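**Student:**
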Amino acid sequence: MALSPLLAALVLLGSGQQPSPAVWGVAVLEAGTSRDARQEQLAVRDCLELMGIPFAATRSVEQAVRRPLVVISGILTNSLFTAGEREALYAYVERGGVVLATQVQGGSFFTLFGITGATTSRTNFRVNFGSSTDPILRYLNRPEERTISLGDPALYRETVWSTEYTAAPGTDVLAVYPNGTAAVTVNAYGRGSAYALGLGFKETTLIPQLARSFEAARHWINWFEPSGDVFRLMLRALYENTVHPFVLVHTVPLGKRTGLCLSHDVDAAESFRNALVFARMERGLGVRSTFFVTTKYFTDSTDIGYYSPERVSFIRALRAQGFEVGSHSVSHSLAFEDFPPGSPQVDLSDYDPARSTIYGEVRVSKQLLDRDLRQRTVGFRSGYLRFPDDLLEVLEQSDYLFDSSVSAQWVLTNFPFFGFRRRSLGSPRSRIVEVPVTLDDSRGELRIREFLTAASEEEALRTWLDVIRANAENNAISCLLIHPTDTTFKLETERRLIQAVRGDSTWIGAVGELAKFWRDRARLHPVVRLGVNDQPVIVLANLKRASVPSAQSLVVETLPGKAVLRVVDAAGGTVPVRQRASGDRTVLLLGAH
Ligand SMILES: [Zn+2]
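For my numbering, add 1370 to where a residue sits in the sequence shown, where the first one is 1.
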């Protein structure tokens, strides 16, 4: 296939390599059909979608090597490809292609990746990135990103599988395990590069999303924990350095640099009236939040039945002011994780809180809120951030759309994601958007030692602002939880936090708004094609101009001397955009006139 001069020039940009691939974008070469391979393929697709990186998945080596970047997803053993396919991969890198593979275990690929040995292990609990300036490490600027956690060695003897490499002379070792063996390498082979990651995306991102990360989180909450995101950010950095012009579906509403979700758990008698005080403060600053309300209508050993008509009237007033109300369960039980799923037919009239079930907690609370607020309740957060194995399946079956029952630290990500129906490998994905909690005044545990007290206000504010800044550097999201049990120092700390971060670069809003943004975002699948005079055009191939969702944006590489790219819909109609320059890239806000 003839290469157009412009595309050739684009391929050359920034890379200093000879052009050879003829098709724009990333190829995911799916290799192998074993259960492990399929799970790795799912994890890679998920990471690319989460980062907003357009890609084409294929099982054909011949198709894959026509693109400037090939991600091999599977476990790279000798038998995975035929000799001819293997030769094609070598030739591709030799003439300038870039390939990234995880778990390179087949000796016939060692020369390509510049390694002389590979062994597997389950005892690597940390990965340390060195001082290399390789472009794949672009986003790993913080100490928490330079040393990451794969599990807690104090609690587990073994953690996720990893592959340890022995690097050949001349191969750049980008990261090592604590025993000094190589965890991430890059080899300049011919005119191209071959990256080898010792960890699969299944191990670093998919298993943690099930909240089964071998307790890798270095803190429970109120800390920047990027141990899973680091691998997604490496994919993004490599894509931005290799595919020109790069286009990303942005991760933050309205094209902002970062997002802050505001949320409150109303789970104590005094919090209902106090909620209105928080709402007034937030309204005064022009922002809205989510109140997760416990509908505890009966008295037990833990508390009175505080969900009373008088208190419901306060929640009704919140709704009238445009605030979002979600469910915070019926009983707010510490034992929620041990509840059986129960019957989906459960009803307020027959629910016995002494014999609690997950369905009961989820459905009866929704029934009460729907009835009393005349709304459709779509958001849930459990008490104490308990996360039963079946929670998301139960929520999905009960007409919910989002959940916020895990800490960002526990799932090792600072991005929202589509959760799995059950917390086990092989479970289908749900349509429930999970928005992890990053910052919490109570530490998320039994409130024995509150994080935010009158005495710790300055320290809490400093910690929270630093986490928000760290997430902003990655275009990630922070979600704040404040219990409205106090209207003095807690209110003041939240007010100061909002005032410190609001402005052009931060989106601030309710959890459900972000979840809706995340669902809409999944519908955008941009590709770059060459238009008139070889001018690149971004095509939103499966959308009509009139149905482009609001608040979405694309982040596009700014090409020197080139006008901003045109965005067109499936029918070729121009999608109106508002553009804003941001360093070496341009943010295109879709649908804005
Ligand atoms: Zn609570």
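Even glycine gets a Cβ: it sits at the ideal position worked out from N, Cα and C. The structure presented is a predicted model; accordingly, all values stated were derived computationally and were not measured.
Helix, strand or coil for Asn1557 per DSSP?
**Tutor:** Counting from 1 along the sequence shown, the entry for residue 1557 is found at position 187. It is a strand residue.
**Student:** For Ile1674, count the other beta carbons within 10 Å of its own beta carbon; 16 or more makes it buried, fewer makes it exposed. Which is it?
**Tutor:** By one-based count along the sequence shown, residue 1674 stands at place 304. Ile1674 is exposed by the Cβ-count criterion.
**Student:** With a 10 Å radius around its C-beta and 16 neighbouring C-beta atoms as the bar for buried, classify Gln1579 as buried or exposed.
**Tutor:** Here residue 1579 refers to the residue found at position 209 when the sequence shown is read from its first residue. Label assigned to Gln1579: buried.
**Student:** Grab the span of the alpha helix (DSSP H) containing Val1396 for me, first residue to last.
**Tutor:** Position 26 of the sequence shown, counted from the first residue, corresponds to residue 1396. Careful: Val1396 lies outside any alpha helix (DSSP H), inside the beta strand (DSSP E) at Val1396 to Glu1400.
**Student:** Closest by CA to Val1918, which one among Val1925, Gly1943 and Glu1804?
**Tutor:** Working through the sequence shown from its first residue, we reach residue 1918 at position 548. Answer by Cα proximity: Gly1943.
**Student:** In the DSSP output, what is Asp1504 paired with across the bridge?
**Tutor:** Counting from one through the sequence shown, the residue named residue 1504 turns up at place 134. According to DSSP, which records beta bridges pairwise, Asp1504 is partnered with nothing at all.
**Student:** What beta strand (DSSP E) runs, 3 residues minimum, are completely inside the segment 1826-1861?
**Tutor:** Runs of the beta strand (DSSP E) inside the segment 1826-1861: 1847-1851.
**Student:** Based on the DSSP output, what are the partners of Arg1518 in its beta bridges?
**Tutor:** Looking up residue 1518 in the sequence shown gives position 148. The question names Arg, but residue 1518 is Ile in the sequence shown. Paired residues: Val1497.
**Student:** Kindly examine ligand 1 and report whether one of its heavy atoms sits closer than 7 Å to the Cβ of Gly1753.
**Tutor:** Numbered from its first residue, the sequence shown carries residue 1753 at position 383. Yes - ligand 1 has a heavy atom lying nearer than 7 Å to the Cβ of Gly1753.
**Student:** Among Gln1409, Gln1411 and Pro1424, whose alpha-carbon lies nearest the alpha-carbon of Arg1330?
**Tutor:** Missing from the structure shown is residue 1330; the chain here goes from 1371 to 1963 and no further.
**Student:** Would you call Glu1432 buried or exposed, if buried means 16 or more other Cβ atoms sit within 10 Å of its Cβ?
**Tutor:** Here residue 1432 is taken as the residue at index 62 of the sequence shown, counted from 1. It counts as exposed.
**Student:** I'd like the ranges of any alpha helix (DSSP H) spanning at least 4 consecutive residues and lying wholly in the segment 1529-1617.
**Tutor:** If we require 4 residues or more, the alpha helix (DSSP H) runs fully inside the segment 1529-1617 come out as 1599-1612.
**Student:** Rounded to whole angstroms, what's the CA-CA distance from Phe1584 to Ala1413? Just pull it up for me.
**Tutor:** Translated into positions along the sequence shown, residue 1584 becomes position 214. Translated into positions along the sequence shown, residue 1413 becomes position 43. One C-alpha to the other measures close to 18 Å.
**Student:** Would you kindly work out how many angstroms separate the C-alpha atoms of Val1556 and Arg1437, rounded to a whole number?
**Tutor:** Locating residue 1556 in the sequence shown gives position 186, counting from the first residue. Locating residue 1437 in the sequence shown gives position 67, counting from the first residue. One C-alpha to the other measures close to 19 Å.
**Student:** Could you name the residues that DSSP lists as bridge partners for Gly1359?
**Tutor:** Outside the shown range of the chain (1371 to 1963) lies residue 1359, about which nothing can therefore be said.
**Student:** Using 7 Å as the cut-off, classify the Cβ of Asp1635 as near or not near the heavy atoms of ligand 1, replying yes or no.
**Tutor:** Counting from one through the sequence shown, the residue named residue 1635 turns up at place 265. Because some heavy atom of ligand 1 lies under 7 Å away, the Cβ of Asp1635 counts as near it: yes.
**Student:** Roughly how many angstroms separate the alpha carbons of Ala1471 and Leu1459, rounded to a whole number?
**Tutor:** On the sequence shown, position 101 is the one that residue 1471 refers to. On the sequence shown, position 89 is the one that residue 1459 refers to. Taking the straight line from one Cα to the other gives about 12 Å.
**Student:** With a Cβ-Cβ cutoff of 8 Å, do Gly1444 and Gly1402 count as a contact?
**Tutor:** For the purposes of this step, residue 1444 is taken as residue 74 along the sequence shown, with counting starting at 1. For the purposes of this step, residue 1402 is taken as residue 32 along the sequence shown, with counting starting at 1. Contact flag set, yes.
**Student:** Is it buried or exposed, Leu1418, if we count other Cβ atoms within 10 angstroms and call 16 or more buried?
**Tutor:** Taking the first residue of the sequence shown as 1, we reach residue 1418 at position 48. Answer is buried; the Cβ neighbour count reaches 16.
**Student:** Can you tell me where the alpha helix (DSSP H) with Ser1683 in it begins and where it stops?
**Tutor:** Within the sequence shown, numbered from 1, the residue matching residue 1683 stands at position 313. Pro1679 to Ala1690 is the extent of the alpha helix (DSSP H) around Ser1683.
**Student:** Could you please give the first and the last residue of the uninterrupted alpha helix (DSSP H) stretch that includes Leu1960?
**Tutor:** Along the sequence shown, one-based indexing puts residue 1960 at 590. Segment Arg1955 to Leu1960 is the beta strand (DSSP E) holding Leu1960; no alpha helix (DSSP H) there.
**Student:** Within this structure, are the beta carbons of Leu1325 and Val1530 separated by less than 8 Å?
**Tutor:** Shown here, the chain extends from 1371 to 1963; a query on residue 1325 therefore has no answer.
**Student:** Quick one: give me the first and last residue of the alpha helix (DSSP H) that Gln1767 is part of.
**Tutor:** In the sequence shown, residue 1767 corresponds to position 397, counting from 1. From DSSP, the alpha helix (DSSP H) with Gln1767 extends over Leu1761 to Gln1767.
**Student:** So is the beta-carbon of His1895 under 7 Å away from any non-hydrogen atom of ligand 1?
**Tutor:** The sequence position of residue 1895 within the sequence shown is 525, counting from 1. For ligand 1, not one heavy atom lies less than 7 Å from the Cβ of His1895.
**Student:** Nearest-angstrom Cα distance between Ala1538 and Val1546?
**Tutor:** Within the sequence shown, residue 1538 is the residue found at index 168, counting from 1. Within the sequence shown, residue 1546 is the residue found at index 176, counting from 1. If I take the Cα positions, the gap works out to 14 Å.
**Student:** Should His1702 be listed as close to ligand 1, given that the test is whether its C-beta is under 7 Å from any heavy atom?
**Tutor:** In the sequence shown, counting from the first residue as 1, residue 1702 sits at position 332. True, at least one ligand heavy atom lies under 7 Å from that Cβ.
**Student:** If distances are taken between C-alpha atoms only, which option among Asn1448, Arg1492 and Ser1920 comes closest to Gly1568?
**Tutor:** What you label residue 1568 is simply residue 198 of the sequence shown in a count that begins at 1. Selected option, being the one with the closest Cα: Arg1492.
**Student:** Say yes only if the C-beta of His1620 is nearer than 7 Å to one or more non-hydrogen atoms of ligand 1, and no if none qualify.
**Tutor:** As a position in the sequence shown, residue 1620 is number 250, starting the count at 1. No - ligand 1 has no heavy atom lying nearer than 7 Å to the Cβ of His1620.
**Student:** Rounding to the nearest angstrom, what Cα-Cα distance links Ala1846 and Gly1901 in this structure?
**Tutor:** As a first step, residue 1846 must be located in the sequence shown, where it is residue number 476. As a first step, residue 1901 must be located in the sequence shown, where it is residue number 531. Straight-line Cα distance between these residues: approximately 33 Å.
**Student:** How do the segment 1654-1670 and the segment 1746-1753 stand: do at least 3 beta-carbon pairs fall below 8 Å, yes or no?
**Tutor:** Yes, they touch.
**Student:** DSSP three-state call for Gln1949: helix, strand or coil?
**Tutor:** Within the sequence shown, the letter at position 579 stands for residue 1949. Reduced to three states, the DSSP call for Gln1949 is strand.
**Student:** Assuming Val1837 contacts Phe1594 under a Cβ cut-off of 8 Å, what Cβ separation, rounded to an integer in Å, is found between them?
**Tutor:** Locating residue 1837 in the sequence shown gives position 467, counting from the first residue. Locating residue 1594 in the sequence shown gives position 224, counting from the first residue. The Cβ separation is near 5 Å, so the contact holds.
**Student:** When every heavy atom of ligand 1 is checked, does at least one fall within less than 7 Å of the C-beta of His1614?
**Tutor:** By 1-based counting over the sequence shown, the position of residue 1614 is 244. His1614: no, Cβ never under 7 Å from ligand 1.
**Student:** Measuring only from the beta carbon, is His1698 closer than 7 Å to any heavy atom that is part of ligand 3?
**Tutor:** Ligand 3 is not among the ligands present in this structure, which contains only ligand 1.
**Student:** If the criterion is Cβ atoms closer than 8 Å, does the pair Arg1602 and Thr1575 meet it?
**Tutor:** Here residue 1602 refers to the residue found at position 232 when the sequence shown is read from its first residue. Here residue 1575 refers to the residue found at position 205 when the sequence shown is read from its first residue. For Arg1602 and Thr1575, yes; Cβs fall inside 8 Å.
**Student:** Would you call the segment 1757-1776 and the segment 1722-1735 in contact, with 3 or more CB pairs under 8 Å?
**Tutor:** Verdict: yes, contact present.
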